[in-house]
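As numbered in this note's numbering, residues 72 to 255 make up the sequence shown, in order. Beneath this line is the structure, given in structure tokens, with notes to follow.
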Amino acid sequence: MQDRLLPREFGIGRLRRVHRTDLAAFQAYRALAELGRFQGWLPMSFAEALQFLDDMHRLPLFTRGEWVQIGIADAESDLLIGDIGVYLSEDGTCSEVGFTLAPAAQGRGIATAAVRETVQLLFAATGVSRVLGITDQRNLPSIRLLERVGFTFKERRSAVFRGEPCIEWVYELLRASQRGPDCT
């Protein structure tokens, strides 16, 4: 069944598995300091990135206790323009998403549509009752995106990120007409 979940078209883009031919595009946007400022990832060497892409290509989607990266590709060229990290909790009741989009692809609604499609896929393919989006309070574009998709603010947390104190804002989106256990 997992093989039938992707690719998934969303009009202006496509969700698909990442693969080694994405290396150059992946490295290009992941090397940008301003893009990674609020991200949990750090730039990788080419060898590390190639191994990461291979691992993400092979990892089953929505494995409990694991993060998996799903590629965001241009609808026409299939060129990788971003990725969405998806984590499924150990008990399978909750998920978390994080997203990265190359600057050249920003401002056209692609990331919003991709996150919306990912959430729909999560609700259709898993038993999660809620999806979380956690971001630094200074990351206004991510906050606006989460709110456009329908996430609601749940709480703020003090955290240390890359050795610096920060405030994280936790957003959640509940499965329609279902309330599950708290997964934060």
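Positions of the beta carbon are idealized from the N, C-alpha and C atoms, including for glycine. Only a predicted model underlies this, so the values are computations on that prediction, with no experimental measurement involved.
Can you give me the Cβ contacts of residue i inside the same chain, cut-off strictly under 7 Å, excluding the 5 residues immediately before and after it?
{"i": "L76", "result": "L132, L192, A196"}
{"i": "A184", "result": "F81, G82, I83, G84"}
{"i": "E28", "result": "This structure gives no information on residue 28, because the portion of the chain shown stretches from 72 to 255."}
{"i": "A182", "result": "G153, F170, L172, L216"}
{"i": "V186", "result": "I155, V168, F170, L216, V220"}
{"i": "D69", "result": "Any property of residue 69 remains undetermined from this structure, which presents the chain solely from 72 to 255."}
{"i": "F222", "result": "G204, Y242, E243, L244"}
{"i": "M127", "result": "V89, V139, Q140"}
{"i": "I214", "result": "T206, W240"}
Roughly how many whole angstroms lie between the Cα atoms of residue i and residue j?
{"i": "E239", "j": "C165", "result": "18 Å"}
{"i": "P78", "j": "R129", "result": "14 Å"}
{"i": "V220", "j": "R179", "result": "14 Å"}
{"i": "E105", "j": "F97", "result": "15 Å"}
{"i": "G251", "j": "F194", "result": "Low confidence applies to G251: its pLDDT is 49, below 50, so where it sits in the model is not reliable, and the reading given next is rough at best. Taking the straight line joining both Cα atoms gives about 13 Å."}
{"i": "Q144", "j": "I155", "result": "A quick correction: the sequence has Ala, not Gln, at residue 144. Those two C-alpha atoms are separated by around 11 Å."}
{"i": "L159", "j": "W138", "result": "7 Å"}
{"i": "R201", "j": "G163", "result": "10 Å"}
{"i": "A247", "j": "E218", "result": "16 Å"}
{"i": "Q140", "j": "V157", "result": "6 Å"}
{"i": "E147", "j": "F224", "result": "35 Å"}
Can you name the residues that DSSP bridges to residue i?
{"i": "D93", "result": "The partner list for D93 (beta bridge, DSSP) is empty, contrary to what the question assumes."}
{"i": "Y100", "result": "According to DSSP, Y100 bridges with nothing at all."}
{"i": "T206", "result": "W240"}
{"i": "F271", "result": "Residue 271 lies beyond the range of the chain shown here (72 to 255); nothing can be said about it."}
{"i": "V139", "result": "V157"}
{"i": "S200", "result": "Beta-bridge pairing links S200 to no other residue."}
{"i": "S229", "result": "I238"}
{"i": "E80", "result": "R85"}
{"i": "F224", "result": "Y242"}
Classify residue i as buried or exposed, calling it buried when 16 or more other Cβ atoms lie within 10 Å of its own Cβ.
{"i": "T206", "result": "buried"}
{"i": "E167", "result": "buried"}
{"i": "T189", "result": "buried"}
{"i": "Q122", "result": "exposed"}
{"i": "R88", "result": "buried"}
{"i": "D93", "result": "buried"}
{"i": "G234", "result": "exposed"}
{"i": "L103", "result": "exposed"}
{"i": "R176", "result": "Per the sequence presented here, residue 176 reads as Ala, with Arg not at that position. That one is buried."}
{"i": "E243", "result": "buried"}
{"i": "M72", "result": "Residue placement at M72 is flagged as unreliable, the pLDDT there being 49, under the threshold of 50; the coordinate-derived value follows with that caveat. It is exposed - the Cβ of M72 has fewer than 16 other Cβ atoms within 10 Å."}
{"i": "S229", "result": "exposed"}
{"i": "V199", "result": "buried"}
For residue i, which residues from the same chain have a beta carbon less than 8 Å from its beta carbon, with the 5 sequence-adjacent residues on both sides left out?
{"i": "R101", "result": "G107, W112, P114, M115, A120, T171"}
{"i": "A99", "result": "A173"}
{"i": "D149", "result": "R85, R87"}
Beta-carbon within less than 6 Å of residue i's beta-carbon, same chain only, minus the 5 sequence neighbours each way: which residues are those?
{"i": "F109", "result": "D207, N210"}
{"i": "G142", "result": "R87, V89, L151, D154"}
{"i": "C237", "result": "D207, A230"}
Any chance the CB of residue i is under 6 Å from a heavy atom of the ligand ADP?
{"i": "E226", "result": "The ligand ADP is absent from the structure shown, which contains no ligand whatsoever."}
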